[in-house]
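Numbering (my numbering), first residue to last: 2 to 167. Think of the CB as a built atom: it goes at the ideal place given N, C-alpha and C, for glycine as much as any other residue. A quick note: this is a predicted structure, and the numbers were derived from the prediction, not measured. Please read the structure below before turning to the comments.
See the structure below:
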């Protein structure tokens, strides 16, 4: 089972943290901080896999962002590494060329992409086309809801003006 997804900058700033287990916030924050420090302080000659508190962490750096997966001991590291790459590809397809600012300012969209790939700690979808399609459909639905709300507010304002005239 996949326990967590952590995205952080090369400066050690947490950009996204998604946990698939119920863990108290204080412990989650502490673990995030420790994992980030371990990953950043590792020598480049070491592998991208380390163990911390009974969890296996696999990480990979893409430009200025590190993608890190926390997995159970019995999970395959190579599949986790491939899944990290698939996440980056999906984000690249959605955002163009994903960067740290995309993650910061569009975190809800990043969560939607991650939810399409991993749900409840299990792999749900690996097709990049399907992931992009589902997220775009969700975007369209959200925009339609927002537009509907805006129209309702405008109609309400017009109605109030008409009442005042009478």
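(1) Does the distance from the CB of residue 105 to the CB of residue 82 come in under 8 Å?
(2) Can you check whether the CB of residue 17 is closer than 8 Å to the CB of residue 67?
(3) Between residue 54 and residue 95, how many whole angstroms is the CB-CB distance? I'm expecting something under 8 Å.
(4) Residue 63 by DSSP, collapsed to three states: which one?
(5) With distances taken between CB atoms, is the gap from residue 117 to residue 135 smaller than 8 Å?
(6) Using beta-carbon positions only, say whether residue 57 and residue 76 come within less than 8 Å of one another.
(7) Whole beta strand (DSSP E) runs in the region 33-80 with 3 or more residues, listed along the chain?
(8) I'd like to confirm the pairing. Which residues does DSSP put opposite residue 9 in its beta bridges?
(9) Can you tell me which residues form a DSSP beta bridge with residue 134?
On the basis of the coordinates in this document:
(1) By one-based count along the chain shown, residue 105 stands at place 104. By one-based count along the chain shown, residue 82 stands at place 81. Contact flag unset, no.
(2) Counted from its first residue, the chain shown places residue 67 at position 66. Counted from its first residue, the chain shown places residue 17 at position 16. Not a contact, by the Cβ cut-off of 8 Å.
(3) As a position in the chain shown, residue 54 is number 53, starting the count at 1. As a position in the chain shown, residue 95 is number 94, starting the count at 1. In fact, because the Cβ distance is near 33 Å, the residues do not count as touching under 8 Å.
(4) Reading the chain shown from its first residue, position 62 is the one you call residue 63. If DSSP states are grouped into helix, strand and coil, residue 63 belongs with the strands.
(5) Taking the chain shown and counting its residues from 1, the one referred to as residue 117 is at position 116. Taking the chain shown and counting its residues from 1, the one referred to as residue 135 is at position 134. Taking 8 Å as the Cβ cut-off, residue 117 and residue 135 qualify as a contacting pair.
(6) Start at 1 with the first residue of the chain shown, and residue 57 comes out as number 56. Start at 1 with the first residue of the chain shown, and residue 76 comes out as number 75. Yes, the Cβ-Cβ distance between residue 57 and residue 76 is below 8 Å.
(7) 50-53, 56-63 and 66-72
(8) By 1-based counting over the chain shown, the position of residue 9 is 8. For residue 9, which the question treats as bridged, DSSP gives the partners 15 and 67.
(9) For the purposes of this step, residue 134 is taken as residue 133 along the chain shown, with counting starting at 1. Beta-bridge pairing links residue 134 to no other residue.
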